[in-house]
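*Asks:*
Chains as they are written, first to last, in the working numbering: chain A, 1 to 279; chain B, 1001 to 1478; chain C, 2001 to 2812; chain D, 3001 to 3097.
1) Would you kindly report the start and end of the unbroken beta strand (DSSP E) that includes residue 2704 of chain C?
2) Applying the 10 Å Cβ sphere with the 16-neighbour rule, what's the burial state of residue 2233 of chain C?
3) So which residues of chain C does residue 227 of chain A contact, with C-beta pairs closer than 9 Å?
4) Any beta carbon of chain B sitting closer than 8 Å to that of residue 2411 of chain C?
5) Quick check: what's the CA-CA separation for residue 17 of chain A versus residue 106 of chain A?
6) Just the Cα atoms here: how many angstroms apart are residue 270 of chain A and residue 175 of chain A?
7) Just checking: is the beta-carbon of residue 2313 of chain C within a distance shorter than 8 Å of some beta-carbon in chain D?
8) Closer than 6 Å by C-beta to residue 1001 of chain B: which residues in its own chain qualify, once you throw out the five before and the five after it? Chain order, please.
9) Do the segment 2793-2800 of chain C and the segment 2718-2728 of chain C meet, that is, are 3 or more Cβ pairs less than 8 Å apart?
10) Whole angstroms are fine: how far does the CA of residue 2685 of chain C sit from the CA of residue 2699 of chain C?
11) Per DSSP, what kind of secondary structure is residue 2007 of chain C in: helix, strand or coil?
12) Can you name the residues of chain A whose CB is closer than 8 Å to the CB of residue 2328 of chain C?
13) Please confirm whether residue 1129 of chain B has its beta-carbon closer than 8 Å to some beta-carbon of chain C.
14) Are the CB atoms of residue 2191 of chain C and residue 2172 of chain C within a distance shorter than 8 Å?
15) Quick one: residues in its chain with C-beta nearer than 7 Å to the C-beta of residue 2364 of chain C, no 5 flanking neighbours on either side, listed in chain order?
16) Give the residues of chain D in contact with residue 2185 of chain C, contact being defined as C-beta atoms less than 9 Å apart.
17) So, do the segment 2013-2031 of chain C and the segment 1457-1473 of chain B have three or more beta carbon pairs nearer to each other than 8 Å?
18) Which residues mark the beginning and the end of the beta strand (DSSP E) in which residue 252 of chain A is found?
19) Using the beta-carbon count (16 or more within 10 Å), is residue 1216 of chain B buried or exposed?
20) With a CB to CB cut of under 8 Å and the five nearest residues on each side skipped, what residues in its chain are close to residue 2092 of chain C?
21) So, with DSSP's three-state summary, where would you put residue 2504 of chain C?
22) Taking a Cβ distance cut-off of 7 Å, strictly less, list which residues of the segment 162-187 of chain A are near chain C, in chain order.
23) Taking Cβ positions only, does residue 6 of chain A come closer than 8 Å to chain C?
24) Can you tell me whether DSSP reads residue 2298 of chain C as helix, strand or coil?
25) For residue 1075 of chain B, report the span of its alpha helix (DSSP H) as first-last.
26) Going by the beta-carbon positions, is the gap between residue 2366 of chain C and residue 2485 of chain C smaller than 8 Å?
27) If you run the structure through DSSP and keep just helix, strand and coil, what is residue 3096 of chain D?
28) Here's the rule I'm using: 16 or more other beta-carbon atoms within 10 Å means buried, otherwise exposed. How should residue 1291 of chain B be labelled?
29) Give, in chain order, every unbroken run of the beta strand (DSSP E) that is at least 3 residues long and sits entirely within the segment 2047-2113 of chain C.
30) Answer yes or no: does any C-beta atom of chain C fall closer than 8 Å to that of residue 3029 of chain D?
31) If the cut is a Cβ gap below 7 Å, which residues of chain D does residue 9 of chain A touch?
32) Distance, Cα to Cα, residue 3080 of chain D vs residue 2328 of chain C?
33) Could you tell me which chain D residues have their CB closer than 8 Å to the CB of residue 2485 of chain C, listed as they occur along the chain?
34) Give the residues from the segment 3032-3050 of chain D that approach chain A closer than 7 Å (Cβ to any Cβ), ordered along the chain.
35) Take the Cβ of residue 1477 of chain B as the centre, count every other Cβ of all protein chains shown within 10 Å, and call the residue buried at 16 or more, exposed below.
36) For residue 1100 of chain B, is the classification buried or exposed, using 16 other Cβ atoms within 10 angstroms of its Cβ as the cut-off for buried?
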């Protein structure tokens, strides 16, 4: 009936790939939606944007965004992104990947990229488990949560990602849920305007794999949990931001200015080239 | 009489004034403005002024005919910002007058009633109530008939009626319709009353219990009106037997709608269709038409208006052992006249306030009890009364074998042409000054306009209509 | 009784020398009490060395006589039998001090409010009662002890509750004097009712034009901290040392707001604007009116779509260039330490929709006077064009109906609302100013033009052709087609009925106490008069003080009043608060508990009943500790102690028992021994006196600070001495001036009832009454009611009670 | 303000009210229901129809209630719904509900 008007974001998506493969009620689409929304509001040139992702459901983002992109090996998204950023600092490099990819196999890359303050922007869709491979327990699975590998309840303490990122030295750290789309979009915008290493965690529903093992069968039920449990508090102590079934603390946690690794690197190279520094 | 002579003691007066908060009266005039008699007898009666006179010197008032003109409609009390019960103050004065044999003023008052109030016989019985001051009604009614004859003779001598020939149709033969007929025919118009029932009189005959208005009084009154030349066509239902178009075609130049309120409102609770559950109007009608009416031993009347009171008293007179009125608000809010309530209580009717029925319980189709819930009053609503709200968990069961519903009546107006606008509550909207409806030439008055009200208010409306109709017909004639 | 009883040396050997002064108070007392006889009687009482009667004891002359007697006759105790101690105790105490006598050695007998005024027609009985009252005072005064008052420093800060014109004026006055002021307003802007009015009478100044500069002064005054959108939720402490908790509700807009209105334009939510009484609309993000202070906008979370922490609609956020919108704002609890409190919560207006005859709410063109103000206001919804709501046309004929909701006993208020007459006259002139051809009718009962310049304005209105018709309409009817109105009433001067056809009718609505005044009352332990407004400490002498120390009233919180009176009262309240704070310290009355450690069994009962937690039990030392500064002085601890280890200074067991004994010395079987708390019941009995409410003369009132002081043994002693009826009277539950001390009263009386029942006594003989300071009639009718009980109490009954309670006769 | 409001706002004020056109790309919808559940004005409801992906997509219940907050667009994981503002022909008189 009204198909002649097209979706305002259609130019940001590779039309051949849409509709995407994510399940009904999955939050990954919302993460992508908010990312595009932020790009649109900032009027970013897609030719100057590189989207890098690792392995996992959310890894397909690299394929859906109508920008230059990398779909990399498991856990190595940040490593590839580092290369891109150093090779061409003019490019905006955004890593969109999952909690398993970024913090289990890729954990080391994450903390060192944050430590170095390399100007890569990381969006982590946290669904509390390995969704693509069948719902195994992962580094963010909450205590007592049921997964395929923890049928009697998880006994491992999960990572508190915002605390980790803040401690490792990220210049911008925020956490939102997929219900907080407005604030998430604003956070992504803010992140994209910053210089150093930035990190946004998005709590995302995974109803088919995680939710149904934890009494939340649909995306809506998971979103209701987010609504019930979340409380917004900006610049609170990230060390106290553990996620429990009762409380999901969201907000911006860190926003500081720090010179980025690539700027220092290229300044140093320039100085060497101009022979200001000699051995 | 001598002003020095004290009949009413200072203590009596103080008790009276104090009890009824007379000291709060600011003389705002609202009582007079809402009084039907003050309109019918503007020269002679003004409740505010009467009250002031009592305040200044009660003994002077005893000799005044004004004292006997209050018609007990309690409209003043209902409107008074201080809730003064004027009729009861006046009754106290009337009793004092009777005790001291001061009957001259009553004679004068009756004369004024005969000359100015249509249906003087009926109104003396159901409104003016000299009986409450301890007087014998039969003697008074004879007196009234005599006075009326004299008056008419005198009037005939005075003016010759010029018949203009125009005809007026009156729908409904209640007090409003009879008044319009009485007044208009005396003005020289041809009047036809259409009455759906077999007997004329409307609520007067149908529902006012006989102990209040003996049948022969009403018959006399109607005979009198017939003698004026009014044609009363009974068993003709407008809307079924003929409609407005027919009336215009037949040459009626003006139509008056005075059909009253006859549709009992429905109680929205379980069990209301059982055979022992009757509507008060049906009940009263049955009793009044001399049909054998059986009442239960233990009767419950639901409602708080005058009809509820009449039904309860009638039930007692028919031999019910126990009659209880259930009313959902408190005595303050009860729409029935305070005096009627007092009389009913005196006759043995019990009234339970702040109680509403929830469910009627049956056993083999026979009512055996009603489940009630207690209410509490919250803030005032748009009717100026406090809204009742059920108290959760206060339900109780009251045994009964007959339930009379008197929860309000509404007009049945399906026969009206569409052009006639109605009010939100289903009554007919009229121009309050001319009583004309939104359809030219059609007038309305009585309960069909005001909602359930008193006889005297219907008569007041009727008199207003008669004047307006005259003006209207004159304007037609140019 | 005529024989002089021998003076017994008491109180550690010191000879007691009592002086008694019986005051005539002109004819106020002497009119129904034989003062000479009372003085003669007083002279016969033990320890009394001197008894005089004089016309006005409180006059300078009277005080001088008293002072010289103290010096010359070496008086060491003084009794004045005159008015209520609530009125003049401090006057006489000061005179005693000036003569070198400790002020706690003074006692009053209330023979005016409690005697002459309430027994106007029984001189003999009133005189007998006065004698008894003097005897009680003499018995007590002999046992009084000198005491020193504790001084407590005062916080030189004031909390002003309510930001209407009264609150604004009080704040500015105090801030200019140099005190810190916290002004708490529950709406988003200060300004109150005055901000909504178009012009003020009688000068016809533009209301907001004269108010706005004051509002702005409040905002910028360095001594004023403005807390809008805020409510006081808790007040603790006592005069000079209050702690208040204020809940500051979030505005969701920060101070960066420049009031540019960009957000409002994009906000998709609309609702009626309360400021314009619903005649205009506002958005979910809004400022109530253009001159609002602070000018910062507010988001109404009841309307905004962004609930539960989730931003659904971000239109305002995007529109705000200064990024002043912050949905993360949370409610804040602000804790304040203050010395004084000014209550300026204002009044509400009457809602005439409960008067069905006037059709307000059903007839479109029937409006209230407040709605009229917004209609005629240039800043209002019609831009100052007087239009009628049904068709937006300028009405040609306007009627004003006075006394709507005022001076009525039914669906309204009994009092006159004070401002409506002049307001209507002003409104009629405003119409005449812009639309001189308009016909204006004012339907009134009395025009009350009592203030300066009011009568002139009234005359001006008459000159301009405004027609005043005496008599209110009985009903207002509407023409369905034209929406014109008919007013039907009686012109009571002409004695004629009128049927007036007008285009619009304005109902001149009265003022009512705030709907939340009950909450404020509880919060601050204030009293209210029967009309629901707050009650002042004394209507003539302390008209802006609350009975509770350190609290003052300004504006309509106390009674309906116009702007001028509100401002005057506000300045007065500020001055009164200033006087208190200027001293820098307050003295706490020496009525704190005294403990006898040797009797104490460390049971801890006293610590449980103390409303102020001023008594603590040291379990190791098995001792109690009393923090005098925290003590409120109710004495409930002393009543609770089963071992007599605690008593209340100036209200000791001995003193109260001496009073009881004095009452019951003879004719006890005809008497009522009444214990009344100082704040409610005693004040209520005073109120009965002031209003000359007559009641039987056989009651003898013993004053305690709180009904919680009344120990069971007092009641038992009264019965053991043959009293017919004992009455314990205090504040209504929840209204106690000592937080909840009167809860214990109830428990104790119930225990006594049980005991009486078990002993086969008529428990009706012990009566419990809750009466507020305004309920004089309640007190009086209780005394009348008790007479029927006295009639049925037989000598056998009296005797039986004596036996049951004889243990109470033992000395203490 | 404590007064109870009894009068409707005067009809002389006109307020620009959004004139929305809601577009649903039916076949792209996976039926998660977020847009229906989270619409603050309850403009949408679940339809009876089954789309190409075998789910019930939303349908418009009352377009006039839409205030174009576009939350549905923002929360849709499948880029299947969006709202545009129709050019507003005339300003509507306010109505008070």
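Quick reminder that beta carbons are idealized off the backbone N, C-alpha and C, glycines included.
*Replies:* This is what the structure gives:
1) Mapped onto the third chain, residue 2704 of chain C falls at position 704. Counting along the chain, the unbroken beta strand (DSSP E) around residue 2704 of chain C starts and ends at 2699-2704.
2) Taking the third chain and counting its residues from 1, one reaches residue 2233 of chain C at position 233. Burial call: exposed.
3) Walking along the first chain from the start, residue 227 of chain A turns up at place 227. Within chain C, the residues near residue 227 of chain A are 2308, 2309 and 2310.
4) For the purposes of this step, residue 2411 of chain C is identified with residue 411 of the third chain, where counting begins at 1. Chain B, which has a Cβ nearer than 8 Å to the Cβ of residue 2411 of chain C, makes this yes.
5) In the first chain, the residue the question calls residue 17 of chain A occupies position 17. In the first chain, the residue the question calls residue 106 of chain A occupies position 106. Approximately 27 Å between the Cα atoms of the pair.
6) Here residue 270 of chain A is taken as the residue at index 270 of the first chain, counted from 1. Here residue 175 of chain A is taken as the residue at index 175 of the first chain, counted from 1. Each residue's CA atom was taken as its position, placing residue 270 of chain A and residue 175 of chain A some 37 Å apart.
7) Start at 1 with the first residue of the third chain, and residue 2313 of chain C comes out as number 313. By this cut-off, residue 2313 of chain C is an interface position.
8) Counting from one through the second chain, the residue named residue 1001 of chain B turns up at place 1. Note that residue 1001 of chain B scores a pLDDT of 43, beneath 50, so its modelled location is shaky; the value from the coordinates is reported in the next line. 1063.
9) The segment 2793-2800 of chain C makes contact with the segment 2718-2728 of chain C; the number of CB pairs closer than 8 Å reaches 3 or more.
10) For this step, residue 2699 of chain C is matched to residue 699 along the third chain. For this step, residue 2685 of chain C is matched to residue 685 along the third chain. When rounded, the distance between both Cα atoms is 11 Å.
11) Taking the first residue of the third chain as position 1, residue 2007 of chain C is located at position 7. Confidence in residue 2007 of chain C is poor, its pLDDT being 45 and thus under 50, which makes the residue's placement unreliable; the coordinate value appears in the next sentence. In the structure shown, residue 2007 of chain C sits in coil (DSSP, three-state: anything other than H, G, I, E or B).
12) In the third chain, the residue the question calls residue 2328 of chain C occupies position 328. Under the 8 Å cutoff, chain A gives 232, 233, 234 and 251.
13) Within the second chain, the letter at position 129 stands for residue 1129 of chain B. So, not an interface residue.
14) What you label residue 2172 of chain C is simply residue 172 of the third chain in a count that begins at 1. What you label residue 2191 of chain C is simply residue 191 of the third chain in a count that begins at 1. No, Cβ-Cβ distance for residue 2172 of chain C and residue 2191 of chain C is not below 8 Å.
15) Against the third chain, residue 2364 of chain C aligns to sequence position 364. Answer for residue 2364 of chain C: 2389, 2390 and 2483, listed in chain order.
16) Sequence index remark: in the third chain, residue 2185 of chain C carries index 185 (1-based). For a Cβ distance threshold of 9 Å, nothing in chain D lies close to residue 2185 of chain C: the least Cβ distance comes to about 12 Å.
17) The segment 2013-2031 of chain C vs the segment 1457-1473 of chain B: no contact.
18) On the first chain, position 252 is the one that residue 252 of chain A refers to. Bounds of the beta strand (DSSP E) holding residue 252 of chain A are 248-255.
19) The residue labelled residue 1216 of chain B in the question sits at position 216 within the second chain. So residue 1216 of chain B counts as exposed.
20) Working through the third chain from its first residue, we reach residue 2092 of chain C at position 92. A distance below 8 Å between beta-carbons, with the five flanking residues on each side excluded, links residue 2092 of chain C to the following residues of its chain, in chain order: 2057, 2058, 2063, 2066, 2078, 2080, 2106 and 2108.
21) The sequence position of residue 2504 of chain C within the third chain is 504, counting from 1. In the displayed model, residue 2504 of chain C falls within a strand according to three-state DSSP.
22) Within the segment 162-187 of chain A, the residues whose Cβ lies closer than 7 Å to some Cβ of chain C are 179, 180, 182 and 183, listed in chain order.
23) Start at 1 with the first residue of the first chain, and residue 6 of chain A comes out as number 6. No, residue 6 of chain A lies away from the interface with chain C (no Cβ there is under 8 Å from its Cβ).
24) The residue given as residue 2298 of chain C occupies position 298 in the third chain. Residue 2298 of chain C: strand per DSSP, three-state reduction.
25) Numbered from 1 along the second chain, position 75 holds the residue referred to as residue 1075 of chain B. Start and end: 1075-1079.
26) Along the third chain, read from residue 1 onward, the residue named residue 2366 of chain C stands at position 366. Along the third chain, read from residue 1 onward, the residue named residue 2485 of chain C stands at position 485. Result yes, Cβ atoms of residue 2366 of chain C and residue 2485 of chain C sit closer than 8 Å.
27) One-based indexing of the fourth chain puts residue 3096 of chain D at position 96. Per-residue confidence for residue 3096 of chain D stands at a pLDDT of 41, beneath the threshold of 50, marking its modelled position as unreliable; the derived number appears in the next sentence. The answer is coil: DSSP assigns residue 3096 of chain D none of H, G, I, E or B.
28) Counted from its first residue, the second chain places residue 1291 of chain B at position 291. Exposed.
29) Listed in chain order, the complete beta strand (DSSP E) runs (minimum 3 residues) inside the segment 2047-2113 of chain C are 2048-2054, 2077-2082 and 2106-2110.
30) By one-based count along the fourth chain, residue 3029 of chain D stands at place 29. The beta carbon of residue 3029 of chain D does not come within 8 Å of any beta carbon belonging to chain C, so the residue lies off that interface.
31) Translated into the one-based positions of the first chain, residue 9 of chain A becomes position 9. By Cβ distance, chain D contributes 3079.
32) As a first step, residue 3080 of chain D is located in the fourth chain; it is residue number 80 there, counting from the start. As a first step, residue 2328 of chain C is located in the third chain; it is residue number 328 there, counting from the start. Going from the Cα of residue 3080 of chain D to the Cα of residue 2328 of chain C covers about 30 Å.
33) In the third chain, the residue the question calls residue 2485 of chain C occupies position 485. Those within 8 Å of residue 2485 of chain C in chain D number zero; the least Cβ separation is about 15 Å.
34) Within the segment 3032-3050 of chain D, 3032, 3033, 3034 and 3037 place their CB atoms closer than 7 Å to a CB of chain A, listed in sequence order.
35) The residue labelled residue 1477 of chain B in the question sits at position 477 within the second chain. When all chains shown are included, residue 1477 of chain B counts as exposed.
36) Working through the second chain from its first residue, we reach residue 1100 of chain B at position 100. With fewer than 16 other Cβ atoms within 10 Å, it is exposed.
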